[in-house]
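In the numbering used here, the protein residues as written are 578 to 1071.
All C-beta atoms, glycine included, are put in the ideal place defined by N, C-alpha and C.
Presented below is the structure to which this report refers.
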């Protein structure tokens, strides 16, 4: 425990690393504030009652300044990976805003988690951007520790999910040459330990630190060792030298839950050697008595978390790149004059509590209570055009909170165990929502209201709605009917 509590700001607190860093800082005795775009997503975390929550857009200097007011240590965990061709410019602008406001507000230290910067190699755009951000923060005039990591191994990380699904689903793999690149993976627990420990660095420290685990492996060796830990047969590979990053990312997008838009920058970065050039961080944040966590042990820990349904954050905690973020329109005029609706109401012979249990458990391995083949085909088509498809699944099999990814939807609202509103993140020519509402109870029945809404963009958006409308009776009609039957069965089971 620290002797005098200091105020730490964690940006990206609802993301994969940030969501795990917050409780570690609280455990260490720090006073924590989080900066998030949507306060509801922060409130969904167990630690929300123990922190200050600042709602801010990282591109808005005034909002960033307000979030940084009174802060001693600022954690910079923001990134725009996979957000489009101009993501480097977006990241530069955000970093410059954060650097300037940190200096202006008297922040004593910035801690940044970036990627390794191998010397003498042409960097991928993703690693170039990570280096650019680090340079901006190091030049801010605020003492900065830029921690540079390679692949992070932990339940729910995008890199781990990519490795996991490629290994588990493909006993024989056609692989590009990047599978032979040398990599120094690091366990998420060690990343968090370094992040927390860096808060107490001397004021004179303003530099980069490479952080990595004890093993240096190729991606192919990582797949083989993952297979061994997971009890799978040895994997075989068929190397293909001219498989481009674009083709690799689409292939990964079809095989794994990681969409092509996110997979591409990850794949391009795998062309670079990511091995720690120094171990100086140990001079300030000593290794634990039993040493750093090795690759095999980090895989064991991650798989245990997954098997126990104890994955606190996932890569999909962040919104899908390019996905719509607009809230549900309350007026068709707001939506440009067109808001198509498909509404259905049914009386269910079950209590509101049992109906809600079925609704809240929808998606993922539980499915969508309607024509499974149609959902599977729609998910496959979405992945083929770069969308998330259905493979993101759910964070938790029984519980949903605002901001959760749910297959190719995102939870936009869930309220008092009566309303679930999902915003579509699949590729569609417009904005789409799916809403399920548990209504009033009378005479032993509960009203179940179900509606799909669509705001089209352009002529193709209108054509899209009318082309799929005939299938709504099959898909949504059976969906409502089967949810009602499941709730009634649950009621009968007592």
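> Roughly how many angstroms separate the alpha carbons of residue 699 and residue 744, rounded to a whole number?
Replying inline: In the chain shown, counting from the first residue as 1, residue 699 sits at position 122. In the chain shown, counting from the first residue as 1, residue 744 sits at position 167. Straight-line Cα distance between these residues: approximately 28 Å.
> Counting along the chain, where does the alpha helix (DSSP H) carrying residue 619 start and finish?
Replying inline: On the chain shown, position 42 is the one that residue 619 refers to. Segment 616-620, the alpha helix (DSSP H) holding residue 619.
> Helix, strand or coil: how does DSSP classify residue 790 here?
Replying inline: Here residue 790 corresponds to residue number 213 of the chain shown, with the count starting at 1. Coil.
>> To the nearest angstrom, how far is the alpha carbon of residue 970 from that of residue 675?
In response: For the purposes of this step, residue 970 is taken as the residue at position 393 of the chain shown. For the purposes of this step, residue 675 is taken as the residue at position 98 of the chain shown. Those two C-alpha atoms are separated by around 34 Å.
> If residue 989 sits next to residue 972, beta carbons under 8 Å apart, how far is it from one beta carbon to the other, in whole angstroms?
Replying inline: Counted from its first residue, the chain shown places residue 989 at position 412. Counted from its first residue, the chain shown places residue 972 at position 395. The pair is not a contact, with the Cβ atoms about 15 Å apart (cut-off 8 Å).
> Between which two residues does the alpha helix (DSSP H) carrying residue 1051 extend?
Replying inline: Against the chain shown, residue 1051 aligns to sequence position 474. Residues 1035-1070.
>> For the structure I just gave you, are there three or more beta carbon pairs, one from the region 1031-1043 and one from the region 999-1015, closer than 8 Å?
In response: Touching, yes, given that three or more Cβ pairs across the two stretches are closer than 8 Å.
>> Given a cut-off of 8 Å on the beta-carbon distance, is the pair residue 1027 and residue 921 in contact?
In response: For this step, residue 1027 is matched to residue 450 along the chain shown. For this step, residue 921 is matched to residue 344 along the chain shown. In terms of Cβ geometry, residue 1027 and residue 921 form a close pair [threshold 8 Å].
> Leaving out five residues before and five after residue 680 in sequence, what residues of the same chain have Cβ atoms less than 6 Å from its Cβ?
Replying inline: Residue 680 sits at position 103 when you count from the first residue of the chain shown. Around residue 680: 717, 718 and 719.
> Taking just the CA atoms, how far does residue 935 sit from residue 995?
Replying inline: The residue labelled residue 995 in the question sits at position 418 within the chain shown. The residue labelled residue 935 in the question sits at position 358 within the chain shown. Going by the C-alpha atoms only, they are around 12 Å apart.
> Between residue 1057 and residue 955, which are expected to be in contact by the criterion C-beta below 8 Å, what is the C-beta distance as a whole number of angstroms?
Replying inline: What you label residue 1057 is simply residue 480 of the chain shown in a count that begins at 1. What you label residue 955 is simply residue 378 of the chain shown in a count that begins at 1. About 18 Å separates the beta carbon of residue 1057 from that of residue 955, a gap too long to meet the 8 Å contact definition.
>> With a threshold of 7 Å on Cβ separation, who are the neighbours of residue 1072 within its own chain once the five nearest residues in sequence on each side are excluded?
In response: This structure gives no information on residue 1072, because the portion of the chain shown stretches from 578 to 1071.
> In the structure shown, what three-state DSSP assignment does residue 926 receive?
Replying inline: By 1-based counting over the chain shown, the position of residue 926 is 349. Of the three classes helix, strand and coil, the one that applies to residue 926 here is coil, per DSSP.
> Below 8 Å between beta carbons: does that hold for residue 707 and residue 733?
Replying inline: Walking along the chain shown from the start, residue 707 turns up at place 130. Walking along the chain shown from the start, residue 733 turns up at place 156. Not closer than 8 Å, so no.
>> Taking 8 Å as the threshold (C-beta atoms), are residue 726 and residue 527 in contact?
In response: This structure cannot speak to residue 527, because the chain is shown only from 578 to 1071.
>> If contacts are defined as beta-carbon pairs under 8 Å, then residue 673 and residue 656 qualify, I think. What distance do you get, rounded to the angstrom?
In response: Here residue 673 refers to the residue found at position 96 when the chain shown is read from its first residue. Here residue 656 refers to the residue found at position 79 when the chain shown is read from its first residue. About 15 Å; that fails the 8 Å criterion.
> Are the region 757-766 and the region 781-791 in contact at 8 Å, needing three or more beta carbon pairs?
Replying inline: Yes, the region 757-766 is in contact with the region 781-791.
>> Assuming residue 1014 is part of the beta strand (DSSP E), what are its boundary residues?
In response: Residue numbering aside, residue 1014 sits at position 437 when the chain shown is read from its first letter. Where residue 1014 is concerned, the enclosing beta strand (DSSP E) stretches over 1007-1019.
>> Measuring only the C-alpha atoms, how far is residue 919 from residue 1053?
In response: As a working mapping, residue 919 is identified with position 342 in the chain shown. As a working mapping, residue 1053 is identified with position 476 in the chain shown. The straight-line gap separating the alpha-carbon atoms of residue 919 and residue 1053 is approximately 9 Å.
>> At the 8 Å Cβ level, is residue 1024 part of the contact set with chain C, yes or no?
In response: Of the protein chains in this structure there is only one, and it is not chain C.
> Which value, in whole angstroms, describes the spacing of the CA atoms of residue 930 and residue 993?
Replying inline: For the purposes of this step, residue 930 is identified with residue 353 of the chain shown, where counting begins at 1. For the purposes of this step, residue 993 is identified with residue 416 of the chain shown, where counting begins at 1. Residue 930 and residue 993 have their C-alpha atoms spaced approximately 11 Å apart.
> Out of curiosity, what's the CA-to-CA distance linking residue 1072 and residue 985?
Replying inline: With the chain covering only 578 through 1071, there is no way to say anything about residue 1072.
> Name the DSSP beta bridge partners of residue 918, please?
Replying inline: On the chain shown, position 341 is the one that residue 918 refers to. Beta-bridge partners of residue 918 (DSSP): 1030.
> Is it true that the region 637-657 meets the region 615-628, where meeting means three or more beta-carbon pairs spaced less than 8 Å apart?
Replying inline: In short, these stretches do not touch, since the Cβ pair count stays below three.
> Would you report the Cα separation of residue 620 and residue 605, rounded to the nearest angstrom?
Replying inline: Indexing the chain shown from 1 puts residue 620 at position 43. Indexing the chain shown from 1 puts residue 605 at position 28. Counting only the Cα atoms, residue 605 lies some 21 Å from residue 620.
>> I need the DSSP call for residue 967, collapsed to helix, strand or coil.
In response: Along the chain shown, read from residue 1 onward, the residue named residue 967 stands at position 390. Three-state result, residue 967: coil.
> Would residue 952 be called buried (16 or more neighbouring beta carbons within 10 Å of its own) or exposed?
Replying inline: Translated into the one-based positions of the chain shown, residue 952 becomes position 375. Around the beta carbon of residue 952, 16 or more other beta carbons lie within 10 angstroms, which makes this residue buried.
> When the Cα atoms are used, what is the spatial distance from residue 869 to residue 888?
Replying inline: By 1-based counting over the chain shown, the position of residue 869 is 292. By 1-based counting over the chain shown, the position of residue 888 is 311. CA-to-CA, the gap between residue 869 and residue 888 works out to about 21 Å.
>> Which of the three DSSP states is assigned to residue 815 in this structure?
In response: Stepping through the chain shown from its first residue, residue 815 is reached at position 238. Shown here, residue 815 sits in a strand according to DSSP, grouped into three states.
>> Please list the terminal residues of the continuous beta strand (DSSP E) segment that includes residue 776.
In response: Within the chain shown, the letter at position 199 stands for residue 776. From DSSP, residue 776 is part of no beta strand (DSSP E); its letter is neither H nor E.
>> Using only CA atoms, which one of 1055, 638, 609 and 677 lies nearest to residue 648?
In response: Residue mapping note: residue 648 aligns to position 71 of the chain shown, counting from 1. Answer by Cα proximity: 609.
>> Please report the straight-line C-alpha distance between residue 746 and residue 637, rounded to a whole angstrom.
In response: In the chain shown, residue 746 corresponds to position 169, counting from 1. In the chain shown, residue 637 corresponds to position 60, counting from 1. Residue 637 has its alpha-carbon roughly 43 Å from the corresponding atom of residue 746.
>> Going by DSSP, what residue range makes up the beta strand (DSSP E) through residue 858?
In response: Here residue 858 refers to the residue found at position 281 of the chain shown. Note, residue 858: premise wrong, no beta strand (DSSP E); not H, not E.
> So what's residue 986 in DSSP terms, helix, strand or just coil?
Replying inline: In the chain shown, residue 986 corresponds to position 409, counting from 1. Residue state, collapsed to three classes: strand.
>> Can you tell me whether residue 700 is helix, strand or coil according to DSSP?
In response: Within the chain shown, numbered from 1, the residue matching residue 700 stands at position 123. Correct three-state label for residue 700: coil.
> Should residue 768 and residue 873 be called a contact, given that it needs their Cβ atoms to be closer than 8 Å?
Replying inline: Taking the first residue of the chain shown as 1, we reach residue 768 at position 191. Taking the first residue of the chain shown as 1, we reach residue 873 at position 296. Going by C-beta atoms, residue 768 is not nearer than 8 Å to residue 873.
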